[in-house]
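Under full-length UniProt numbering, the very last position in the sequence shown is 207; numbers go up by exactly one each time.
Built from N, CA and C at the ideal position, the CB exists for glycine as well.
No experiment lies behind these values; they were computed from the predicted model shown.
In what follows, a structure is listed as structure tokens, so that the remarks can point back to it.
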Amino acid sequence: LRIAVLASGRGSNLQAIMDAIAAGTLDAQVVGVFSDRRRAPVLERAERAGIRAVAVQPRRFPDRQSYEAELFARIDATEPDLIVCAGYMRLLGAATVNAHAGHIVNIHPSLLPAHKGLHTHQQALDAGACEHGASVHYVTAELDGGPVISQACVPIEPGDDAESLAARVLLREHPLLVATLRLFAARRVELQEATVFIDARPL
Ligand code: GRF
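Here it is, written out as structure tokens:
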């Protein structure tokens, strides 16, 4: 499975993917890591691993469309089977998303459809939720609104704040994302008419 990663930050999800590949538990290769931020740590992780690391900076483009066209021209040039957004902090335009329908997924730190958008852990706390978690979903033009593929739940403990909750969720994100990519590598996930079909027989 040829994976392109799109990220803006720390890169712990990329690291989880690279570690699983190195451990032989994920039959995939990261063909490129792309970011909107030149100094994003995620790009350094890629470079250290000898993986193509590309920054495309929005401020060098007159508008979002031309920025996104360049970004995805660079991504498409690596011929990925799947584009994985992991902490990419910009909305993708409908043209881009539709051109890659069924081939872009995102990991979002909430139990979708609850708590879309940012500050999801604080949202869950403010809502008085007793559990929270992470979701891998197909990317559509609606922010965090695409069909959900997989989820991991964590309890919200008394005394939790956004930081402690985020840490608990992040620990579950990594195995969730790797397990979901394993399904893609085994060609067991399909999106048909906004419905996700998974062949869940033992791998
Ligand atoms: C993760 O919490 C992910 O769910 C969210 O952004 C964060 C990315 O973290 N979309 P990292 O850059 O992979 O460490």
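Closer than 7 angstroms: residue i CB and nearest the ligand GRF heavy atom
i	result
valine 46	yes
proline 179	no
proline 151	no
leucine 30	no
serine 43	Reading off the sequence shown, one finds arginine at residue 43, where the question assumed serine. For the ligand GRF, not one heavy atom lies less than 7 angstroms from the Cβ of arginine 43.
alanine 11	yes
proline 113	yes
serine 39	no
leucine 18	yes
arginine 52	no
arginine 14	yes
glycine 91	yes
leucine 174	yes
alanine 183	no
alanine 138	yes
Distance CB(residue i)-CB(residue j) smaller than 8 angstroms
i	j	result
valine 9	alanine 90	yes
glycine 121	leucine 147	yes
leucine 185	leucine 5	yes
isoleucine 111	alanine 138	yes
valine 58	phenylalanine 38	yes
leucine 30	alanine 190	no
histidine 178	serine 16	yes
valine 88	isoleucine 160	no
isoleucine 202	leucine 181	no
glycine 54	glutamate 72	no
valine 143	isoleucine 108	yes
threonine 82	valine 35	yes
tyrosine 92	serine 12	yes
One or two residues paired with residue i in a DSSP bridge
i	result
glutamine 196	Thr199
arginine 6	Gln33
glutamate 135	Pro159
histidine 141	Asn110 and Val152
Just list the beta strand (DSSP E) runs in the stretch 152-183, keeping only unbroken ones of 3 residues or longer that don't cross its boundaries, in chain order. 152-159
Output the residue ranges of the beta strand (DSSP E) runs that lie fully inside the stretch 21-100 and measure 3 residues or longer, sorted by chain position. 33-39, 57-59 and 86-89
Is it the case that the stretch 116-134 contacts the stretch 163-170, given that we only count it when at least three CB pairs across the two stretches are under 8 angstroms? yes
Decide if the stretch 59-73 is in contact with the stretch 40-48; the criterion is three or more beta carbon pairs, one per stretch, under 8 angstroms apart. yes
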